[in-house]
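Trainee: Numbering (mature numbering (1 follows the signal peptide of the UniProt record, and there is no 0)), first residue to last: -24 to -1, 1 to 273.
Where a beta carbon is used, it is the ideal one built from N, C-alpha and C, also for glycine.
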């Protein structure tokens, strides 16, 4: 009896829960229906549109643009895919055609060679090929040997030029050092030695000969200075300082007329020397001469 009561109680609880769920579902459906009705009433009672015409136009244009872009993209993709397939097909056809043409060319060339060679045996063909290759190799070897000889000759000339240039540079540096030493030297004898070293490197250095004549003149060797000045003039007739130095030698020897004549020539070739006329100690004996005074004026 007690079990029956328990079963009855369970059935009552199940029925109660089912009825509660059904009641909740009916209330939810009624609430949804009420919400729909309220939305419909709100839409019917709208006084102005939800969107302005400009916003609607903008949205429509954007949708239209997106659709056009989508269509263009599909068209481009289709076109590229078709072109790719067409190019691959063309390449395959060209490759096939070229292969067939090459095969026919090879066959034709082989047949032509056989006909021209009079159907000679393979041994003759091999012999001729070897001879042809040997002659070709020989000619190529001779050509490369000739080119190699030319390259060696050019390298030799270039090496000689480089060595000559290096020697010239060393010689120029040595001359520069000797000129620097001569400019700093106060002893006439040492100057003469330095000028001799310069002339050993360059026999025709007119400037070195002229400065040597000046140093010799300081030592009292007038004849020697005269000879050196004359040699400098013979090497360069336009070198004014050589005439000036010879005039000093003539003045030291007492030969006034030729001294004045050389002074005049020196001034004609280099007018800047006129500032040195009154300062040159070798011309002190000429200051009373009328010809020398005319040069001063």
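#1: Run through DSSP, which three-state label would residue 231 get?
#2: Please determine if the stretch 169 to 178 and the stretch 149 to 159 are in contact, where contact requires at least 3 C-beta pairs separated by less than 8 Å.
#3: In three-state terms, what does DSSP make of residue 195?
#4: Examine the Cβ distances between the stretch 157 to 171 and the stretch 140 to 147 and report whether three or more of them are shorter than 8 Å.
#5: Need the endpoints of the alpha helix (DSSP H) that residue 268 sits in, please.
#6: List, from N- to C-terminal side, the alpha helix (DSSP H) runs of 4 residues or more that fit wholly inside the stretch 148 to 196.
#7: Using the Cα positions of residue 226 and residue 212, report the straight-line distance between them to the nearest angstrom.
#8: Quick one: does the C-beta of residue 49 sit closer than 7 Å to a heavy atom of the ligand ADP?
#9: Is residue 252 helix, strand or coil when you go by DSSP?
#10: Less than 8 Å separating the beta-carbons of residue 222 and residue 202?
#11: Select from 218, 190, 229, 82 the residue whose C-alpha is nearest the C-alpha of residue 159.
#12: Here's the rule: buried if 16 or more other CB atoms are within 10 angstroms of the residue's CB, otherwise exposed. What is residue 205?
#13: Measuring straight from C-alpha to C-alpha, what distance separates residue 178 and residue 140?
#14: In whole angstroms, what is the alpha-carbon distance linking residue 60 and residue 83?
#15: Straight-line CA distance for residue 272 to residue 241?
#16: What three-state label does DSSP hand residue 213 in the structure shown?
#17: So, are the CB atoms of residue 267 and residue 234 less than 8 Å apart?
#18: Please list, in chain order, all residues of the same chain as residue 73 whose beta carbon is under 6 Å from its beta carbon, the five residues on each side excluded.
Mentor: Let me lay it out:
#1: coil
#2: yes
#3: coil
#4: no
#5: 266 to 272
#6: 164 to 177, 182 to 194
#7: 19 Å
#8: Ligands displayed in this structure: none; no statement on the ligand ADP is therefore possible.
#9: helix
#10: yes
#11: 190
#12: buried
#13: 15 Å
#14: 34 Å
#15: 14 Å
#16: coil
#17: no
#18: none
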